[in-house]
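See structure below.
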Amino acid sequence: MEKQITPKQQRVLSFIREYFRTNNEMPTYEEIADSLSIRYFNSIRQYLQILKLKGFLDIEEHKSRGIKLNDEIIETINIPLVGSVSCGTPILATENIEGYVPVQKSFVSNPYKQYFFLKAQGDSMNEAGIEDGDLLLIEKKETASPGEMVLALIGDEATVKFYKLGNGYAVLLPKSRNPEHKPIIVKDNLSIQGIIVEVIKARDLKA
593 MEKQITPKQQ RVLSFIREYF RTNNEMPTYE EIADSLSIRY FNSIRQYLQI LKLKGFLDIE
653 EHKSRGIKLN DEIIETINIP LVGSVSCGTP ILATENIEGY VPVQKSFVSN PYKQYFFLKA
713 QGDSMNEAGI EDGDLLLIEK KETASPGEMV LALIGDEATV KFYKLGNGYA VLLPKSRNPE
773 HKPIIVKDNL SIQGIIVEVI KARDLKA
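Residue numbering for the sequence shown follows the numbering used here, starting at 593 and increasing by one per position.
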C-alpha cells in the first residue's frame, strides 16, 4: 500500500488506475460507486477530494470523466501539525509540534511561506464551515486585515474567529449556530498567530 493513504483510499485509486489501463479513459463517479459497491455518491466525492489533496490525482469539475491521474513523481512538502498554542512560546517551537502532514506543493499558494495545521475544537465557527475536529491550514502571520479568519491568542487562550477592528480595540467574531458564542472585544493582550487559508473536513481525513 502506498504511503500516507488509507486502505479505502487505496481501493478507489487502484480501481481508477485499472479502469484507465483497460478502457483508456477515466471512470465516472457512478462507475466507481457501482464497481466498488459504494452506496453514497457523496462518499466518492470525499475519497476523490482527499486523493487530490494527497497529490494522486486532479479533478476537472463539471466533466463526467474529469479525473486525471498524477502518477509522475509528486513534489510534496511537510507541514507541521501544532498541538497547542500558548503565550510566550513560538507557535512552531519543537515542543508544540505533534507531527507533520505531507501535502502536494501546489496545495499551498506559496510554499516558501510558513504554514502549519491546527485541529479545530468546539462549535464557535460551524456557520463558517468549521466543525470540531476539522484540520485548519494556517499561514503564519502576525498581522491580519479586517474580515480575515484568524488564529488569535488572548492572553494564553487560543481562538479562531473573524477579525474586525474598532476604535482602539479589536473584535473577534464567532459564526455559529450556537447562540452562546458572542463577539469578543479585546483592547490589549491580543496576538495574531496566523490566518486560516484552508479547512480540511474531519470526515475526509477518515475516508
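Ideal Cβ positions, reconstructed from N, Cα and C, are used throughout, including at glycine. Note that the coordinates shown come from a computational prediction; the quantities given were computed from them, not determined experimentally.
- Task: Out of Leu757, Ser627, Leu782, Lys733, point me to the one whose CA is closest to lysine 705's CA.
- Result: Nearest option by C-alpha distance: Lys733.
- Collapsed DSSP secondary structure at leucine 727 in the structure displayed: Reduced to three states, the DSSP call for leucine 727 is strand.
- Query: For the alpha helix (DSSP H) that contains serine 627, what are its first and last residues?
  - Reply: Per DSSP, serine 627 belongs to the alpha helix (DSSP H) from 621-627.
- Message: Can you give me the C-alpha to C-alpha distance between tyrosine 639 and alanine 750, rounded to a whole angstrom?
- Response: Approximately 32 Å, taken between the alpha carbons.
- Quick one: what's got a C-beta closer than 6 Å to valine 604's C-beta in the same chain, skipping five residues either side? Hits under 6 Å: Tyr639.
- alanine 794 to proline 775, Cα distance in whole Å? Using only the alpha carbons, I get a separation of about 26 Å.
- Please classify aspartate 726: is it buried, with 16 or more other beta-carbons within 10 angstroms of its beta-carbon, or exposed? That one is buried.
- Going by CA-CA distance only, name the one from Phe708, Phe633, Arg631, Gly658 that's closest to lysine 644. For lysine 644, the closest C-alpha among the options Phe708, Phe633, Arg631, Gly658 is that of Gly658.
- Query: Taking 7 Å as the line, does the beta carbon of aspartate 715 fall inside it for any heavy atom of the ligand SAH?
  - Reply: As presented, the structure is devoid of all ligands, the ligand SAH included, so that no description of it is given.
- Message: Excluding the 5 residues flanking glycine 758 on each side, which residues of the same chain have their C-beta closer than 8 Å to its C-beta?
- Response: Hits under 8 Å: Ile777.
- Segment contact flag, the segment 783-791 with the segment 736-753, C-beta cutoff 8 Å, min 3 pairs: Inter-segment contact for the segment 783-791 and the segment 736-753 is present: three or more beta-carbon pairs are separated by less than 8 Å.
- Item | Close Cβ partners of isoleucine 608 (< 8 Å) along its chain, the five nearest in sequence each way excluded | Same-chain partners within the cutoff: Met618, Pro619, Ile624, Leu649, Ile659, Leu661.
- Would you grab the beta carbon distance between methionine 717 and proline 766 for me? Rounded to a whole angstrom, and I think it's under 8 Å. The C-beta distance from methionine 717 to proline 766 rounds to 6 Å, short enough to fall under 8 Å.
- Item | Per-residue DSSP class, three states only, for alanine 750 | Alanine 750: strand per DSSP, three-state reduction.
- Find out if the Cβ-Cβ distance for the pair aspartate 724, glycine 714 is shorter than 8 Å. Cβ distance < 8 Å, so aspartate 724 and glycine 714 count as in contact.
- Query: Where DSSP assigns a beta bridge to aspartate 650, which residues make up the other side?
  - Reply: Answer by DSSP bridge pairing, in chain order: Lys660.
- Item | Buried or exposed (CB count within 10 angstroms, at least 16 for buried), glycine 647 | Buried.
- Query: Tell me, which residues are paired with lysine 711 by DSSP?
  - Reply: DSSP, once it has assigned bridges, lists Leu727 as partnering lysine 711.
- Task: Going by CA-CA distance only, name the one from Leu764, Glu687, Thr668 that's closest to glycine 675.
- Result: Minimum Cα distance to glycine 675 is reached at Glu687.
- Alpha carbon of isoleucine 792 to alpha carbon of histidine 773, nearest angstrom: When rounded, the distance between both Cα atoms is 23 Å.
- Tell me where the alpha helix (DSSP H) around serine 783 begins and ends. Looking at the DSSP string, serine 783 is not in any alpha helix (DSSP H); the run it does join, the beta strand (DSSP E), is 782-792.
- Nearest residue (CA-CA) to valine 752, options Tyr692, Arg769, Thr735, Leu728: The candidate whose alpha carbon is nearest that of valine 752 is Leu728.
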